[in-house]
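Engineer: Chains as they are written, first to last, in the working numbering: chain Z, -16 to 275; chain S, -16 to 275.
Protein chains: 2
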Amino acid sequence: MAIKTIGFIGTGVMGGSMAANLLRAGFSLQIYTRTQAKAAALLAAGAAWCTSPRAAAEDADVVISMLGYPVDVEEIYWGQAGLLASAKKGAYLVDMTTSSPLLARKIATVASPKGLHALDAPVSGGDIGAQNATLSIMVGGEETAFLELRPVFEALGKTIAYFGPAGSGQYAKMSNQIAIASNMIGVCEAMAYAKKAGLDPQLVYQTIAAGAAGSWSLSNLGPRMLSGDYSPGFFIKHFIKDMHLAIDSATEMKLELPGLKLAEKLYQQLTTDSEGAEDLGTQALIEWYLRQ
Amino acid sequence: MAIKTIGFIGTGVMGGSMAANLLRAGFSLQIYTRTQAKAAALLAAGAAWCTSPRAAAEDADVVISMLGYPVDVEEIYWGQAGLLASAKKGAYLVDMTTSSPLLARKIATVASPKGLHALDAPVSGGDIGAQNATLSIMVGGEETAFLELRPVFEALGKTIAYFGPAGSGQYAKMSNQIAIASNMIGVCEAMAYAKKAGLDPQLVYQTIAAGAAGSWSLSNLGPRMLSGDYSPGFFIKHFIKDMHLAIDSATEMKLELPGLKLAEKLYQQLTTDSEGAEDLGTQALIEWYLRQ
Chain Z
-16 MAIKTIGFIG TGVMGGSMAA NLLRAGFSLQ IYTRTQAKAA ALLAAGAAWC TSPRAAAEDA
44 DVVISMLGYP VDVEEIYWGQ AGLLASAKKG AYLVDMTTSS PLLARKIATV ASPKGLHALD
104 APVSGGDIGA QNATLSIMVG GEETAFLELR PVFEALGKTI AYFGPAGSGQ YAKMSNQIAI
164 ASNMIGVCEA MAYAKKAGLD PQLVYQTIAA GAAGSWSLSN LGPRMLSGDY SPGFFIKHFI
224 KDMHLAIDSA TEMKLELPGL KLAEKLYQQL TTDSEGAEDL GTQALIEWYL RQ
Chain S
-16 MAIKTIGFIG TGVMGGSMAA NLLRAGFSLQ IYTRTQAKAA ALLAAGAAWC TSPRAAAEDA
44 DVVISMLGYP VDVEEIYWGQ AGLLASAKKG AYLVDMTTSS PLLARKIATV ASPKGLHALD
104 APVSGGDIGA QNATLSIMVG GEETAFLELR PVFEALGKTI AYFGPAGSGQ YAKMSNQIAI
164 ASNMIGVCEA MAYAKKAGLD PQLVYQTIAA GAAGSWSLSN LGPRMLSGDY SPGFFIKHFI
224 KDMHLAIDSA TEMKLELPGL KLAEKLYQQL TTDSEGAEDL GTQALIEWYL RQ
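If you want it as structure tokens, here you go:
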């Protein structure tokens, strides 16, 4: 099946850039997002406006959702204007929201008897990755559907990996967030310790970043921590959401992840103690240490 | 002062390679190590054997120690055959053991009135870095002494950084170990979660290593964890020692480091639960998770 028309639901910071890349790649887009103003640039670039998720899904070959929380995904799929009821037979439903693996399975279970193909395809790479079409895309669902949708994924990202049945993309994304959670603690603790010891933390970070202590977070967020630049690359509120999803998922699996739980606790304490911290970037965790 | 003769105490896995590099760079070496057999290759390469640390220090321009634990450093410096009593006036005493910052300060305080110059200069980069003279060397002590010893450090490492007064090199090394401790938890938790979710953890690690979850530990130890290769690049027993030093040091500073404490607890549990685990590489922490 040739993919021509894509319904795109949720054109925020991530979704907006992704939709623009799909337009650039030659797909026809029909879009819906909660705040119409956020879609202005896309409409100017040739996307068609829809007044509901249901309308965005109608007659589309593919329906992509890029939302905030699992509850938003449920609303879009099952709510009054739900796309599970309106998508045309044979359509591909691709949820790219970082969401619950179990919800992804549930969607696939409901979609399949309707002749719909559901994929979970969360991404990493942030706003820059979305803009430059260099996202990593982690896909779960039927492999045949994944293969059909490669041209769509290739318009959005650079690393595109298929992990297995429905939910597998979300599981892979959770692994990513779990690795980041404890590493963020390590970076903050190393920098806070260096400061407290009276060292030049900039020199410490430069010296250790090239060796066994090195990480993307140390190299990219360490300098921002040290200069007090807490502008969001990735919002604390979104990271807390992801950690809750990962904790719930690990609990379902009966897997104890004490590092993840500690990270969630520290971020919660930070947002409880300082108003507005949830809208800062994840590197602001260093404040938990500096305030001691 | 031209540096000609170096006393080298402790020619184990790290010290042996470092001493060999000093010989290669043209320094005269007089060496002492607990087990004489471990010095055979160095003696064959032209080093002179000494029967005590005291003898290795006599008439040397520089005395380097590379030992296991702070208690060994105290023994070498103050014990019956202590080098604080035998080093010649004007000599440089360089402790490259990963040791306590406070002990480094104490050595400097005692050395100074005797006309001796003490530096703390722990390293990172492991056995490979020691062999290839690519170590990172983190130096604390008088800056003039550091500058005099640059030729010695340059024979041993690639990144050579001066951090400030006595103890500062140890503080920098502790920062390095603190960053590694929590990151190791993150890498293990991500890999254990991926396995438990039924994903191909090899594919997960390849997909996430290039992005924001990326780290030296993930790229270098992740694959070993997944193949059950626990051969030591860095021994768990040494890492536990370093974490104890870092915890003590943070406690002195009244700095709470919950991630570091968690890492120490998990490694302790692993070595308590499985005999011989202390002689495995640090990546064996994954077993704490896989045994659940």
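Yeah, the Cβ is synthetic: ideal placement off N, Cα and C, and Gly gets one too.
Would Ala193(S) count as contacting chain Z if we go by Cβ distances under 8 Å?
Structural biologist: So yes, Ala193(S) belongs to the interface.
Engineer: Can you list, in chain order, the residues of its chain with a C-beta nearer than 7 Å to that of Ala229(Z)? Leave out the 5 residues immediately preceding and following it.
Structural biologist: The answer, listed in chain order, is Met157, Gln160, Ile161 and Leu243.
Engineer: For Ser107(Z), return the contacting residues in chain S, with the cut-off set at a CB-CB distance below 9 Å.
Structural biologist: Residues of chain S passing the Cβ test: Thr190, Ile191, Gly194, Ala195 and Ala196.
Engineer: DSSP puts Asp78(S) in a beta bridge; with which residues?
Structural biologist: Beta-bridge pairing links Asp78(S) to Ser48(S) and Asp103(S).
Engineer: For the candidate residues Gly65(S), Pro84(S), Leu102(S) and Ala27(S), whose alpha-carbon lies nearest to that of Leu76(S)?
Structural biologist: Ranking Gly65(S), Pro84(S), Leu102(S) and Ala27(S) by Cα distance to Leu76(S) puts Leu102(S) first.
Engineer: Which residues, in chain order, does the region 237 to 260 of chain S contribute to contact with chain Z at a C-beta distance below 9 Å?
Structural biologist: Within the region 237 to 260 of chain S, the residues whose Cβ lies closer than 9 Å to some Cβ of chain Z are Lys237, Leu238, Glu239, Leu240, Pro241, Gly242, Leu243, Leu245, Ala246, Lys248 and Leu249, listed in chain order.
Engineer: According to DSSP, is Phe146(Z) helix, strand or coil?
Structural biologist: Here Phe146(Z) sits in strand by DSSP.
Engineer: State yes or no: is the beta carbon of Thr142(S) nearer than 8 Å to at least one beta carbon in chain Z?
Structural biologist: Yes, Thr142(S) counts as interfacial toward chain Z.
Engineer: With distances taken Cα to Cα, identify the nearest neighbour of Ala173(Z) among Val187(Z), Ala164(Z) and Gln275(Z).
Structural biologist: Nearest of Val187(Z), Ala164(Z) and Gln275(Z) to Ala173(Z), Cα basis: Val187(Z).
Engineer: Does any C-beta atom of chain S lie closer than 8 Å to the C-beta of Gly169(Z)?
Structural biologist: It does; some Cβ of chain S falls within 8 Å.
Engineer: Using the beta-carbon count (16 or more within 10 Å), is Glu137(S) buried or exposed?
Structural biologist: Glu137(S) comes out exposed.
Engineer: Please say whether Val56(S) and Thr80(S) have beta carbons closer to each other than 8 Å?
Structural biologist: The answer is yes: Cβ separation under 8 Å.
Engineer: From Ala64(S), Arg133(S) and Gln63(S), pick the residue whose C-alpha is nearest to that of Leu5(S); which is it?
Structural biologist: For Leu5(S), the nearest C-alpha among the options comes from Arg133(S).
Engineer: What are the residues in the region 71 to 105 of chain S lying within 9 Å of chain C by C-beta distance?
Structural biologist: Among the protein chains in the structure shown, which are Z and S, there is no chain C.
Engineer: Please confirm if the region -13 to 6 of chain Z is in contact with the region 36 to 46 of chain Z, defined as three or more CB-CB distances below 8 Å between the two stretches.
Structural biologist: Yes: the two stretches touch, three or more of their Cβ pairs being nearer than 8 Å.
Engineer: Kindly provide the ranges of any alpha helix (DSSP H) runs that are 4 or more residues long and lie completely inside the region 177 to 233 of chain S, ordered along the chain.
Structural biologist: The region 177 to 233 of chain S contains these whole alpha helix (DSSP H) runs: 184 to 192 and 199 to 209.
Engineer: Measuring CB to CB, does Asn282(Z) end up less than 8 Å from Ser198(S)?
Structural biologist: The question about residue 282(Z) has no answer here: the residues shown for chain Z are numbered -16 through 275.
Engineer: How about Asn166(S): is its C-beta nearer than 8 Å to some C-beta of chain Z?
Structural biologist: Yes, its Cβ sits closer than 8 Å to a Cβ of chain Z.
Engineer: Would you report the Cα separation of Ile223(Z) and Pro241(S), rounded to the nearest angstrom?
Structural biologist: Their backbone Cα atoms lie some 18 Å apart in a straight line.
Engineer: Are the beta-carbon atoms of Gln13(Z) and Thr(-12)(Z) separated by less than 8 Å?
Structural biologist: Cβ atoms of Gln13(Z) and Thr(-12)(Z): closer than 8 Å.
Engineer: Is any beta-carbon of chain S found at less than 8 Å from that of Leu186(Z)?
Structural biologist: Judged by the 8 Å Cβ criterion, Leu186(Z) is in contact with chain S.
Engineer: If we count Cβ pairs, one from each stretch, closer than 8 Å, do we get three or more for the region 138 to 157 of chain Z versus the region 106 to 120 of chain Z?
Structural biologist: Yes, the region 138 to 157 of chain Z touches the region 106 to 120 of chain Z.
Engineer: How far does the beta strand (DSSP E) with Ser11(Z) in it reach, from first residue to last?
Structural biologist: Here the beta strand (DSSP E) through Ser11(Z) covers Ser11 to Tyr15.
Engineer: Let me know the secondary structure DSSP gives Ser119(S) once reduced to three states.
Structural biologist: Three-state result, Ser119(S): strand.
Engineer: Is Trp199(Z) close to chain S? Criterion is C-beta to C-beta, closer than 8 Å.
Structural biologist: Yes, its Cβ sits closer than 8 Å to a Cβ of chain S.
Engineer: Which residues in the same chain have their Cβ closer than 8 Å to the Cβ of Ser257(Z), if we skip the five residues on either side of it in sequence?
Structural biologist: Result list for Ser257(Z): Glu270, in chain order.
Engineer: Figure out for me which residue from Ala175(Z), Phe217(Z) and Thr92(Z) has the closest Cα to the Cα of Gln275(Z).
Structural biologist: With distances taken between Cα atoms, Gln275(Z) lies closest to Ala175(Z).
Engineer: Starting from Thr(-6)(S) and walking both ways along the alpha helix (DSSP H), at which residues does that stretch end?
Structural biologist: Looking at the DSSP string, Thr(-6)(S) is not in any alpha helix (DSSP H), and its letter there is neither H nor E.
Engineer: So Leu86(Z) and Pro53(Z) are supposed to be a Cβ contact under 8 Å. How far apart are they, rounded?
Structural biologist: Sure, about 5 Å apart at Cβ, within 8 Å.
Engineer: Pop quiz: Val122(S) and Gly150(S) are said to be a contact at Cβ under 8 Å. What is the actual Cβ separation, rounded to whole angstroms?
Structural biologist: The pair is not a contact, with the Cβ atoms about 11 Å apart (cut-off 8 Å).
Engineer: Just to make sure I have the definition right: I need the residues of chain Z whose C-beta is within less than 8 Å of the C-beta of Lys(-13)(S). Which are they?
Structural biologist: Neighbours of Lys(-13)(S) on chain Z: none; closest Cβ ~29 Å, over 8 Å.
Engineer: Within 10 angstroms of its Cβ, does Ala20(S) collect 16 or more other Cβ (buried), or is it exposed?
Structural biologist: When all chains shown are included, Ala20(S) counts as exposed.
Engineer: Compute the Euclidean distance between the alpha carbons of Pro105(Z) and Leu50(Z), then round it to the nearest angstrom.
Structural biologist: Approximately 10 Å, taken between the alpha carbons.
Engineer: Can you give me the start and stop residues for the alpha helix (DSSP H) that Gly112(Z) sits inside?
Structural biologist: Where Gly112(Z) is concerned, the enclosing alpha helix (DSSP H) stretches over Gly109 to Gln114.
Engineer: Would Ile223(S) pass as an interface residue toward chain Z - the criterion being a Cβ-Cβ separation below 8 Å?
Structural biologist: False, the Cβ-Cβ gap to chain Z never drops below 8 Å.
Engineer: So, does the CB of Ser210(Z) fall closer than 8 Å to a CB anywhere in chain S?
Structural biologist: It does not: the Cβ of Ser210(Z) has no partner Cβ on chain S nearer than 8 Å.
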